[in-house]
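Residue numbers (my numbering): 22 to 284.
In what follows, a structure is listed as structure tokens, so that the remarks can point back to it.
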Amino acid sequence: MSRTLPLSQQVIWLTGASSGIGEALTRHLAPLCRHLYISARSTDKLNALAAGFNNVTALPADITDETSLAKASEIIRENHQRLDTLIANAGTCEYVDVEAFEPAMFRRVHETNLFGLVNTVGAALPLLRNSPRGYIVGVSSSVAMLAMPRAEAYGSSKAAVTHFLESLKADVAALNIDVSVVSPGFVKTPLTDVNDFPMPMRITADEAAVATIKGLERRSWHIHFPKRFTFVLWCLGQLPAFLRHRLTRAMSRTGTSAQETEQ
């Protein structure tokens, strides 16, 4: 088995870096790694964030645009010839209002959360193969553990992300590449600030970043936090279907959709 480079020697690429968990990860990872490339669509925010570190490079990119990602990956290749860790963090969330059902919403959410992650992995794979032991980290959600009301679009996209990453883990093992999935609970970010429902055990973006990095150092398959919340959600997800459905039906309500994109 090829050796795993310590964080201090790693070249890392992080998407969704301009706000929320991605911004916190940038601040916490930069002092720990050799070089950190950060991507998002918000060029000004990226540049301002990168300016605070001498080992961070802003790579503006749209994860729904393969050409944009190819240009970003080529810059990494020119500068470092390899990539050790990809953290595919960019994502979006919209909640369903069944009284104003909008199929286009599902396409938007899946285009970013699933296909955007797939695009990012595709751009990074050739560079990861140049690492002594590459590492793909994809951000899913704890909502994949239990089908929740109004989460038909978001939850299905994140469940697909988890399934994709688990399948990918089997296929890239022979290439000396590890894979992890991150399943956060509620984290205080611009994405959740617009939520109009209770968010139990919500943690800060800095707490989420610290928990993620601990998982990265162990290369755990499933990095989930806060554990007191994700354990309860997992247990509820194991209930017999009729009990799960009774529980989620009791939580269901009619509401307006909320949208915010973090890229």
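Built from N, CA and C at the ideal position, the CB exists for glycine as well.
Hey, residue i and residue j are a contact pair by Cβ (cut 8 Å); roughly how many whole angstroms apart?
{"i": "V345", "j": "A226", "result": "As shown, the chain starts at 22 and ends at 284. That puts residue 345 outside it, with no answer to give."}
{"i": "R98", "j": "S152", "result": "With 8 Å as the limit, R98 and S152 do not qualify as a contact, their Cβ atoms being about 12 Å apart."}
{"i": "D192", "j": "R240", "result": "Contact flag wrong, Cβ pair sits at about 17 Å."}
{"i": "L167", "j": "L254", "result": "5 Å"}
Near residue i, what residues of its chain come up, given a Cβ to Cβ distance below 6 Å and the 5 sequence neighbours on each side ignored?
{"i": "T25", "result": "R154"}
{"i": "V13", "result": "With the chain covering only 22 through 284, there is no way to say anything about residue 13."}
{"i": "H101", "result": "V32"}
{"i": "A181", "result": "L135"}
{"i": "F250", "result": "G206 and M222"}
Locate the beta strand (DSSP E) running through residue i, then write down its first and last residues.
{"i": "V164", "result": "Counting along the chain, V164 falls outside any beta strand (DSSP E), and DSSP gives it neither H nor E."}
With respect to the alpha helix (DSSP H) encompassing residue i, which residues constitute its N-terminal and C-terminal limits?
{"i": "L254", "result": "K248 to G258"}
{"i": "A71", "result": "T64 to A71"}
{"i": "R171", "result": "No alpha helix (DSSP H) contains R171, which DSSP labels as neither H nor E."}
{"i": "T233", "result": "A226 to R239"}
{"i": "R265", "result": "A262 to M272"}
{"i": "A349", "result": "Outside the displayed span of the chain (22 to 284) sits residue 349, for which this structure offers no information."}
Across which residues does DSSP place residue i in a beta bridge pair?
{"i": "T36", "result": "S60"}
{"i": "I244", "result": "V203"}
{"i": "V158", "result": "I108 and S201"}
Counting only the same chain and skipping the five closest in sequence on each side, list residues whose C-beta sits under 8 Å from that of residue i.
{"i": "N76", "result": "A51, C54, R55, H56 and L57"}
{"i": "M169", "result": "G176, T269 and M272"}
{"i": "L69", "result": "It is Ala, not Leu, that sits at residue 69 in the sequence shown. There are no such residues."}
Considering only residues of the same chain and omitting the five flanking positions on each side of residue i, which have a CB-CB separation below 7 Å?
{"i": "T277", "result": "For T277, the pLDDT reaches just 37, beneath the cut-off of 50, and the residue's location in the model is therefore unreliable, although a value from the coordinates is still provided. Within the same chain, T277 has close Cβ partners D118."}
**Request:** Run through the segment 189-223 for me and flag every whole beta strand (DSSP E) of 3 or more residues, listed as ranges in chain order.
**Result:** 198-205
**Message:** Which runs of the beta strand (DSSP E) at least 3 residues long sit entirely within the segment 60-138? Give them in chain order.
**Reply:** 77-79, 106-109 and 112-115
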